[in-house]
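Counting with my numbering, you get residues 64 to 238 for the letters of the sequence shown. Note that beta-carbon positions come from the ideal geometry of N, C-alpha and C, so glycine has one too. Reading through the structure tokens given below for one structure.
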Amino acid sequence: MTSSTIASESVRHAIGMLLAACALVAGCYCSGTRAAELETTDVEYAVTLPDDIDTVQASLTSALEGRNYMIIGVLNVQSALKNQGIDAHPLRLVEFIDLPQAYKVTRSNEGFEMFAPFRAVLSAHDKATRVFVLRPRFIEATLKPSGLSAEASTTLEKLDASLRDVMTSVANGGF
64 MTSSTIASES VRHAIGMLLA ACALVAGCYC SGTRAAELET TDVEYAVTLP
114 DDIDTVQASL TSALEGRNYM IIGVLNVQSA LKNQGIDAHP LRLVEFIDLP
164 QAYKVTRSNE GFEMFAPFRA VLSAHDKATR VFVLRPRFIE ATLKPSGLSA
214 EASTTLEKLD ASLRDVMTSV ANGGF
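Dropping the structure here:
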């Protein structure tokens, strides 16, 4: 690869990043959605948005798919309970996975399958929707005592950073 090819690739990458940032800012501005704060604990990433559950689910799904996660399924808990005669607030579970990355962890410790696929919980109350996910770093800490390869630990750290990015995108009202 020549230096001009490398420079050209760098410029293309920088322009792509700039366009993505502009789209994110424009999306937030046009939708009227203000950025929410990402809440981070050792166990979860969470954000509460002043949007309905459908809007938050669409934002989450788009952000996940944009980072190569496959949506496994969505369970509308409220509807399922209503079918059994139980009234419940709007509540959904979104299951998702990055299958190649997950398999790197499973090869090291099959106990990972207890946590896979990942799940996001969307819960709507008082004209706001809270979305939260279990952090892969918590999964790493849970599995480490029973054995976890260096590759599996690194993969879980990368997945943790990826989910932080997903949740930050959702917090900013982006897709």
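Taking all protein chains shown into account, decide if residue i is buried (16 or more other Cβ within 10 angstroms of its Cβ) or exposed.
i	result
Pro208	exposed
Arg198	buried
Thr217	exposed
Asn131	exposed
Glu203	buried
Ile116	buried
Asp114	buried
Ser142	exposed
From the options, pick the residue whose C-alpha is nearest to that of residue i; which is it?
i	options	result
Arg155	Ile135, Asp105, Leu185	Leu185
Val157	His188, Phe195, Glu173, Phe175	Phe195
Glu173	Glu214, Glu128, Leu206	Leu206
Val119	Ile149, Pro180, Pro153	Pro153
To the nearest angstrom, how far is it from the Cα of residue i to the Cα of residue j?
i	j	result
Ala98	Gly236	6 Å
Cys91	Gly210	Per-residue confidence for Cys91 stands at a pLDDT of 41, beneath the threshold of 50, marking its modelled position as unreliable; no derived number is given.
Thr111	Asn146	28 Å
Val229	Leu219	15 Å
Lys167	Arg227	20 Å
Phe201	Ala165	15 Å
Ala191	Thr124	18 Å
Ala121	Glu102	20 Å
Arg182	Val106	13 Å
Starting from the C-beta of residue i, find all residues in its chain whose C-beta is less than 7 Å away, skip the five residues before and the five after it, and write them out in chain order.
i	result
Arg133	Contrary to the premise, residue 133 reads as Met rather than Arg in this sequence. Result list for Met133: Phe159, Ile160, Leu162, in chain order.
Asp223	Arg198, Pro199, Arg200
Glu176	Thr169
Let me know the secondary structure DSSP gives residue i once reduced to three states.
i	result
Ala187	strand
Val106	coil
Can you name, in chain order, every residue of its own chain whose Cβ lies under 6 Å from the Cβ of residue i, other than the five neighbours on each side?
i	result
Ser232	Ala126
Ser212	Ser171
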